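Trainee:
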Amino acid sequence: MCVGPRAPLVYTKEQLLALRSAAVLPRDRHEIPADLLKKTRRGCRAGRKLREKKRRFRPVLPSVIMGNVRSLSNKTDELAALTRYQREYRDTSLMLFTETWLTTHIPDSAIAMDNFHLLRADRTAESGKKKGGGLAVFVNEKWCKPGHCVVKEQRCNKDIELLAVSVRPYYLPREFTHVIVIAVYVPPSANAETACETLLSCTSTLQTQHPQALFLISGDFNHSSPASVLQHSPTLLKEKKRAFKSGNKEGLRTAQKKLRRKIRRAKAAYRRRMEQQLQNQNISATHPSPTQLHALTSTPGQRPTPTLHTSASAQLTTTHGLTHPPSTPPPAPALSVTAAQVRRELKRIKTRKAAGPDCISPRLLKSCADELCGVMGHVFNMSLKLRVVPQLWKTSCVVPVPKTPHAKDLSSFRPVALTSHLMKTLERLVLGHLRSTVSSALDPLQFAYRPGIGVEDAVIFLLHRSLSHLEKPGCAPLLLRDKLETAGVDCDLAEWILDYLTNRPQFVRARDYFRHNTDSCVLQKFSDDSAIIGLITDDDDAEYRGLTQDFVDWCQQNHLLLNAGKTKEMVVDFRRRHSIAPPPVNIQGRDIERVDSYKYLGVHLNNKLDWTHNTDALYRKGQSRLYLLRRLRSFGVRGPLLRTFYDSVVASAILYGVVCWSSSITERERKKLDKVIKKSSSVLGCPLDSVREVGDRRVLARFTSMLDHESHPLQDALSALESSFSDRLIHPRCVKERFRRSFLPAAVRLYNEHC
334 MCVGPRAPLV YTKEQLLALR SAAVLPRDRH EIPADLLKKT RRGCRAGRKL
384 REKKRRFRPV LPSVIMGNVR SLSNKTDELA ALTRYQREYR DTSLMLFTET
434 WLTTHIPDSA IAMDNFHLLR ADRTAESGKK KGGGLAVFVN EKWCKPGHCV
484 VKEQRCNKDI ELLAVSVRPY YLPREFTHVI VIAVYVPPSA NAETACETLL
534 SCTSTLQTQH PQALFLISGD FNHSSPASVL QHSPTLLKEK KRAFKSGNKE
584 GLRTAQKKLR RKIRRAKAAY RRRMEQQLQN QNISATHPSP TQLHALTSTP
634 GQRPTPTLHT SASAQLTTTH GLTHPPSTPP PAPALSVTAA QVRRELKRIK
684 TRKAAGPDCI SPRLLKSCAD ELCGVMGHVF NMSLKLRVVP QLWKTSCVVP
734 VPKTPHAKDL SSFRPVALTS HLMKTLERLV LGHLRSTVSS ALDPLQFAYR
784 PGIGVEDAVI FLLHRSLSHL EKPGCAPLLL RDKLETAGVD CDLAEWILDY
834 LTNRPQFVRA RDYFRHNTDS CVLQKFSDDS AIIGLITDDD DAEYRGLTQD
884 FVDWCQQNHL LLNAGKTKEM VVDFRRRHSI APPPVNIQGR DIERVDSYKY
934 LGVHLNNKLD WTHNTDALYR KGQSRLYLLR RLRSFGVRGP LLRTFYDSVV
984 ASAILYGVVC WSSSITERER KKLDKVIKKS SSVLGCPLDS VREVGDRRVL
1034 ARFTSMLDHE SHPLQDALSA LESSFSDRLI HPRCVKERFR RSFLPAAVRL
1084 YNEHC
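For the sequence shown, position 435 (counting from the first letter as 1) is numbered 768 according to the numbering used here, and the numbering increases by one without interruption.
(1) Measuring straight from C-alpha to C-alpha, what distance separates residue 613 and residue 957?
(2) Could you tell me which residues DSSP puts in a beta bridge with residue 882?
(3) Quick check on this structure: which residue in 740, 723, 713, 1004 has the alpha carbon closest to the alpha carbon of residue 758?
(4) Could you give the distance in angstroms between the alpha-carbon of residue 724 and the alpha-carbon of residue 674?
(5) Hey, is the stretch 470-478 in contact with the stretch 503-522, meaning 3+ C-beta pairs nearer than 8 Å?
(6) Apart from the five residues on each side of it in sequence, which residues of its chain come closer than 8 Å, Cβ to Cβ, to residue 965?
(7) Just reading off the alpha helix (DSSP H) that residue 1067 is part of, what are its end residues?
(8) Taking the alpha-carbon positions, what's the residue 1073 to residue 1017 distance?
(9) Can you tell me whether residue 428 is helix, strand or coil according to DSSP?
(10) Following the continuous alpha helix (DSSP H) through residue 987, name the residue where it begins and the one where it ends.
(11) Short of 7 Å in beta carbon distance, which residues of its chain neighbour residue 576, apart from the five on each side in sequence? Order them along the chain.
(12) Going straight from the alpha carbon of residue 1062 to that of residue 885, what length do you get?
(13) Provide the residue span of the beta strand (DSSP E) that contains residue 550, from first to last.
(14) Pick out whichever of 486, 378, 951, 1058 has its Cα sitting closest to the Cα of residue 1007.
(15) Going straight from the alpha carbon of residue 949 to that of residue 607, what length do you get?
(16) To which residues of the same chain is residue 553 closer than 8 Å at the C-beta, ignoring the five residues directly before and after it?
(17) Helix, strand or coil for residue 856, going by three-state DSSP, please let me know.
(18) State the CB to CB distance for the pair residue 877 and residue 903, rounded to an integer number of angstroms; the pair is presumed to be in contact (CB under 8 Å).
(19) Are residue 453 and residue 435 closer than 8 Å when you measure CB to CB?
(20) For the alpha helix (DSSP H) that contains residue 716, what are its first and last residues?
(21) Which residue wins for smallest C-alpha separation from residue 835, given the options 722, 890, 991, 466?
(22) Confirm, please, whether the CB-CB distance from residue 478 to residue 499 is below 8 Å.
(23) Tell me whether residue 729 is buried or exposed, calling it buried when 16 or more other Cβ atoms sit within 10 Å of its Cβ.
(24) Three-state secondary structure (DSSP) at residue 660?
(25) Consult DSSP for residue 593 and reduce its assignment to one of helix, strand or coil.
(26) Once you ignore the five residues that flank residue 756 on each side, which residues in its own chain have a CB closer than 7 Å to its CB?
(27) Under a three-way DSSP split, which group does residue 1030 fall into?
(28) Which residue marks the beginning of the beta strand (DSSP E) containing residue 968, and which one marks its end?
(29) Is the CB-CB distance between residue 970 and residue 604 below 8 Å?
(30) What span of residues does the beta strand (DSSP E) with residue 540 cover, start to end?
(31) So, residue 944 versus residue 994, is the Cβ gap smaller than 8 Å?
(32) Do the stretch 501-512 and the stretch 439-454 touch if we need at least three Cβ pairs shorter than 8 Å?
(33) Can you give the beta carbon distance from residue 1083 to residue 1033, rounded, assuming they're within the 8 Å contact cut?
(34) Residue 947 and residue 905 look like a contact to me (Cβ under 8 Å); what is the Cβ gap, rounded to whole Å?
(35) Taking the C-alpha atoms as reference points, what is the distance between residue 342 and residue 351?
(36) Run through the DSSP bridge pairs and tell me what residue 399 is partnered with.
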């Protein structure tokens, strides 16, 4: 503050503090009587009631209210009042009601409750009754979001009404992934045994699909008892429940100890049973059969009257009649089987295979191979001599097997033909003779049914031809998956094979129902998982399209049907300046779909010829198999048994086709797969080989076998690498890095390192 020309006034700190307004300081606080002061406690309040109050809508286990309402629509007002004014109903997680007596004419809005999501299953005509029954499940929206409630199963017949709902609440202990609620109503007039079997079948299926889920089964069972068919005895659980309700802490601890002891014994018994089966080399016994998983039983009996729909069986057994000109009787066939050969083939029969139309068990044939080899050898030679196959051996039973868990139409079924095991034994004997006879006439690029050549060789050859062509400038190959034809057969067996392929009766079987087909069928020749590679230069694909059309014409002339819907085309073009994409290939008036990636022989290939899609698929499959490994360890399985399971289940999925992609994947993709192996190593408790170590070892073994195989499709490329001065091989000339990292150059480098 300045006045006139004089110097400014200066205030001290004390003067400025004295100018402030009066305030109540802590030291000036009024004295409060000690009896009026409330002691402040540190931390949070504890106690069971307080915890329950805080976790009002987040209980450890859901609270359930169940009742047989007998007409829910008449009790809607009462239920609405209960959910509004009574805390037990308002805070409950689930409400399950049976005998709702609802119909399609009653909408959901008529029985809806505030803050509750409704899922209902009304009685249908399949129950044989027009009214009554019905199930309803109310889910508290404060406990679970309505969008997380999904109906998993719904059944309605004369014996049982069932509604299974999958619920994923806001909170659930980490031991459970979600909750599956099963509401059941068994009518008084129902068959109790059939109802319990249906309930067990549904529960077993859901437990197999969701092993970590919490199952709640509630309903009105009337005269049936589901505990009589459940897998685990509820005695200890009831004892524990009684001790908990009575407040007997000592009895509760005793019941818990008994329950834990029984669980440990059950796990130990399971582990010993698996170890014993593996020690006896009975691998198939360690895996439960589908009938055990779904608790299905089959009763032998006569074949009932056919009830399958005519159009369904006709579509499953579509035939294409072929007319063959009569041929002159050929000379006696040179093929003759011995008793030792028949005994060897009978010993190789897999006993778990289904029996054919002759109802001869494969276990019987394998067990009595020494007694049957002489008789069956005489029968086989007589059939070859007369060039006639017995009619029963040609009869086939077609069983439709669903491709998906819930098949919707006929295209979702795969027809599997069951034939006589005696005929299969004779087929294997004839096949050995045919291989040696027609080996010179086989296509050099045929990889199937050739010893020493398999899936990996087919993928290696395809990539080698594509990458070696890409070394040249100005070219782009086309990959077309199509059908190829197999070689011919020996003329001495032509008449016998012709008789075997014609006049083949068959029938369709679906569970216990049969539908006989009077028309005969013909076995169709086919070639699956085939590919056509077009090496195109300077955008001139006329030769490729002409060759494709010639192949289509040849297939039509030789009665080889092409599935144009499953045929795909993939273009690989690494040129910087892309020209206009050529039109797709047309087969039988249908344009072939052009894709960027394709799964060929179990290996994912893309138009960049890298392994990104394949690595992602292997990583996802490895993670799912790793979960099974952890579950097996939770049963107390340790040591060699756990390692065997890893090698057969986990490693086989992660390292599938490792010979093809081991040297070509990036370091990031390699680390991604090694991550799964490291997790498996921690579960096993022992070190495991990395992807690089396993890949190098298998690449070297495959390359060595290819060098020793004189008829291998890559034999010309391998012969050009031989050196006249030493045992080492000449490294192929590589212009591009992608070709240098492919199988053949990488295998040559590994081979030279170990020379």
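From the three backbone atoms N, C-alpha and C, an ideal C-beta is built for every residue, glycine too. Since the structure is predicted, the reported quantities are computational estimates derived from the model, not experimental observations.
Mentor: Let's see:
(1) By 1-based counting over the sequence shown, the position of residue 613 is 280. By 1-based counting over the sequence shown, the position of residue 957 is 624. The straight-line gap from Cα to Cα measures roughly 28 Å.
(2) Counting from one through the sequence shown, the residue named residue 882 turns up at place 549. None, per the DSSP bridge assignment.
(3) To locate residue 758, count along the sequence shown from 1; it is residue 425. Ranking 740, 723, 713, 1004 by Cα distance to residue 758 puts 713 first.
(4) Within the sequence shown, residue 724 is the residue found at index 391, counting from 1. Within the sequence shown, residue 674 is the residue found at index 341, counting from 1. Near 24 Å, if we compare the C-alpha coordinates of residue 674 and residue 724.
(5) yes
(6) Looking up residue 965 in the sequence shown gives position 632. Excluding residues within five positions, the ones whose Cβ falls inside 8 Å are 975, 978.
(7) As a first step, residue 1067 must be located in the sequence shown, where it is residue number 734. Taken as a continuous stretch (DSSP letters only), residue 1067 belongs to no alpha helix (DSSP H), as it is neither H nor E.
(8) The residue you call residue 1073 lines up with position 740 of the sequence shown. The residue you call residue 1017 lines up with position 684 of the sequence shown. Approximately 36 Å, taken between the alpha carbons.
(9) As a first step, residue 428 must be located in the sequence shown, where it is residue number 95. Looking at residue 428 - three-state DSSP - the assignment turns out to be strand.
(10) Along the sequence shown, one-based indexing puts residue 987 at 654. Run containing residue 987: 984-987, per the alpha helix (DSSP H) assignment.
(11) Along the sequence shown, read from residue 1 onward, the residue named residue 576 stands at position 243. 584, 585, 588.
(12) The residue given as residue 1062 occupies position 729 in the sequence shown. The residue given as residue 885 occupies position 552 in the sequence shown. Spanning the two alpha carbons is a distance of roughly 41 Å.
(13) Taking the first residue of the sequence shown as 1, we reach residue 550 at position 217. Start and end: 547-553.
(14) Numbered from 1 along the sequence shown, position 674 holds the residue referred to as residue 1007. Per the Cα distances, 951.
(15) Here residue 949 refers to the residue found at position 616 of the sequence shown. Here residue 607 refers to the residue found at position 274 of the sequence shown. So the two alpha carbons sit approximately 32 Å from each other.
(16) Looking up residue 553 in the sequence shown gives position 220. Around residue 553: 401, 431, 432, 517, 518, 519.
(17) Translated into positions along the sequence shown, residue 856 becomes position 523. Per-residue confidence for residue 856 stands at a pLDDT of 43, beneath the threshold of 50, marking its modelled position as unreliable; no derived number is given.
(18) Indexing the sequence shown from 1 puts residue 877 at position 544. Indexing the sequence shown from 1 puts residue 903 at position 570. In fact, because the Cβ distance is near 13 Å, the residues do not count as touching under 8 Å.
(19) Translated into positions along the sequence shown, residue 453 becomes position 120. Translated into positions along the sequence shown, residue 435 becomes position 102. Yes; because the gap between Cβ atoms is below 8 Å, this pair is in contact.
(20) For the purposes of this step, residue 716 is identified with residue 383 of the sequence shown, where counting begins at 1. Unbroken alpha helix (DSSP H) run through residue 716: 702-719.
(21) Working through the sequence shown from its first residue, we reach residue 835 at position 502. With distances taken between Cα atoms, residue 835 lies closest to 722.
(22) Counting from one through the sequence shown, the residue named residue 499 turns up at place 166. Counting from one through the sequence shown, the residue named residue 478 turns up at place 145. No, these two residues do not count as a Cβ contact at 8 Å.
(23) In the sequence shown, the residue the question calls residue 729 occupies position 396. So residue 729 counts as buried.
(24) Here residue 660 corresponds to residue number 327 of the sequence shown, with the count starting at 1. With a pLDDT of only 45 at residue 660, under the threshold of 50, the placement of this residue in the model should not be trusted; the figure read from the coordinates follows. Correct three-state label for residue 660: coil.
(25) The residue labelled residue 593 in the question sits at position 260 within the sequence shown. Of the three classes helix, strand and coil, the one that applies to residue 593 here is helix, per DSSP.
(26) Counting from 1 along the sequence shown, the entry for residue 756 is found at position 423. Around residue 756: 726.
(27) Translated into the one-based positions of the sequence shown, residue 1030 becomes position 697. Note: residue 1030 maps to helix in three-state DSSP.
(28) Within the sequence shown, the letter at position 635 stands for residue 968. Here residue 968 belongs to no beta strand (DSSP E), and DSSP marks it neither H nor E.
(29) The residue you call residue 970 lines up with position 637 of the sequence shown. The residue you call residue 604 lines up with position 271 of the sequence shown. Result yes, Cβ atoms of residue 970 and residue 604 sit closer than 8 Å.
(30) Residue 540 sits at position 207 when you count from the first residue of the sequence shown. Not the beta strand (DSSP E): residue 540 falls in the alpha helix (DSSP H), residues 525-542.
(31) Position 611 of the sequence shown, counting from 1, holds the residue named residue 944. Position 661 of the sequence shown, counting from 1, holds the residue named residue 994. Yes.
(32) no
(33) Position 750 of the sequence shown, counted from the start, is the residue given in the question as residue 1083. Position 700 of the sequence shown, counted from the start, is the residue given in the question as residue 1033. That belief holds up - the Cβ atoms of residue 1083 and residue 1033 are roughly 5 Å apart, short of 8 Å.
(34) Here residue 947 is taken as the residue at index 614 of the sequence shown, counted from 1. Here residue 905 is taken as the residue at index 572 of the sequence shown, counted from 1. The Cβ separation is near 15 Å, so there is no contact.
(35) Within the sequence shown, the letter at position 9 stands for residue 342. Within the sequence shown, the letter at position 18 stands for residue 351. Their backbone Cα atoms lie some 16 Å apart in a straight line.
(36) Locating residue 399 in the sequence shown gives position 66, counting from the first residue. According to DSSP, which records beta bridges pairwise, residue 399 is partnered with 429.
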